[in-house]
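Read the structure below first, then the notes.
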Amino acid sequence: MFTAKSVLYSVPSRLAGHRLKVRLHSTHLDAWLGGVKVFECERLHASTADRHPRRIDWRHMLPSLKRKPGAFARWVLRDAMFPRSEYAQAWEQISARLPERSACRLMVDVLDLADRANVVAELAGVLAGLQARDELPDIDELRHRFAPRQPTMPEVQVVLPATDVYDELLEAA
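Residue numbers (my numbering): 4 to 176.
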């Protein structure tokens with residue numbers, strides 16, 4: 004993460020510890036590592052209503068949380084980690100019913116599944132359904148449900164004509 008003109012930005016976690024050169028433009032900013040542009044995003048501006056705006060991408064923070072999921076419960080940027088409101092509601096339900104350590108692990112696993120399988124919207128729908136039934140997510144069941152499916156190959160049968168057909172064509176010509 005870095006701050007530019009009172010605005011907090013997140014960058015991919017693979018860039019942690021690197022010294023980035025940030026170029027501010029009127030509408031966006033670029034971050035460079037050596038001579039390679041490694042990050043670009045929309046630029047935010049501070050205002051009287053929001054003196055310290057934040058642009059936090061939850062996918063940037065996820066690898067760090069996977070290493071230390073227990074930090075999720077008391078993390079200052081926790082609310083920025085929810086890609087949709089259903090995830091925040093799921094966290095409320097999970098944290099109320101499970102011990103803190105288990106709740107953090109489960110929520111980080113759910114976010115990781117949403118990112119890896121690229122099923123943010125679909126998983127949000129499943130979480131909403133679970134909340135309506137007052138059930139907690141089962142991460143193993145969710146992983147199975149959103150696991151990539153093996154593509155089925157169509158069975159192709161090739162029927163070759165008898166060679167006599169070719170002889171007839173040659174004689175007709």
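Idealized CB from N, CA, C, for every residue including glycine. Since this is a predicted model, take the numbers as computed values, not measurements.
Kindly indicate the opening and closing residues of the beta strand (DSSP E) around residue i.
i    : result
L32  : 31 to 36
V39  : 39 to 45
V113 : From DSSP, V113 is part of no beta strand (DSSP E) but of the alpha helix (DSSP H) over 103 to 119.
R146 : Here R146 belongs to no beta strand (DSSP E); instead the alpha helix (DSSP H) covers 142 to 148.
V1   : The chain is shown only over 4 to 176; residue 1 falls outside these bounds and no answer can be derived.
V10  : 10 to 12
In its own chain, which residues sit with a C-beta less than 6 Å from the C-beta of residue i, not counting the 5 before and 5 after it?
i    : result
S9   : A49, H55
A91  : F85
R108 : P72
L80  : I59
H21  : L36
Just to confirm my understanding: we take residue i, look at its own chain, exclude 5 residues before and 5 after, and list those with CB closer than 8 Å. What are they?
i    : result
D115 : L65, K69
L145 : V113, L116, L126, V129
V25  : F5, A7, L32, D33, A34, W35
R87  : V123, A124, A127
S16  : H63, M64, L65, P66, S67
For the ligand MG, is there a heavy atom less than 7 Å away from the beta-carbon of residue i?
i  : result
T6 : This structure simply doesn't include the ligand MG, nor any ligand for that matter.
Thinking residue i and residue j are a contact (beta carbons under 8 Å), I'd like their distance in whole angstroms, please.
i    : j    : result
R100 : L139 : 6 Å
S29  : R58  : About 16 Å separates the two Cβ atoms, so there is no contact after all.
G132 : R104 : Incorrect: roughly 26 Å between the Cβ atoms, too far for contact.
Q134 : A93  : 6 Å
V41  : L18  : 6 Å
Suppose the cutoff is 7 Å on Cβ atoms and the five residues either side in sequence are ignored; what does the same chain contact list for residue i look like?
i    : result
H31  : E43, C44, E45, R46
A83  : R57, I59, W61
V162 : none
What residue range does the alpha helix (DSSP H) around residue i cover?
i    : result
K71  : No alpha helix (DSSP H) holds K71; DSSP gives it neither H nor E.
V129 : 123 to 135
I97  : 88 to 100
T155 : Taken as a continuous stretch (DSSP letters only), T155 belongs to no alpha helix (DSSP H), as it is neither H nor E.
L173 : 166 to 175
Spell out whether any CB of chain C is found under 8 Å from the CB atom of residue i.
i    : result
A165 : In the structure shown, chain C cannot be found, because there is only a single protein chain.
#### Entry: At least three beta-carbon pairs within less than 8 Å, the region 106 to 123 to the region 152 to 160
no
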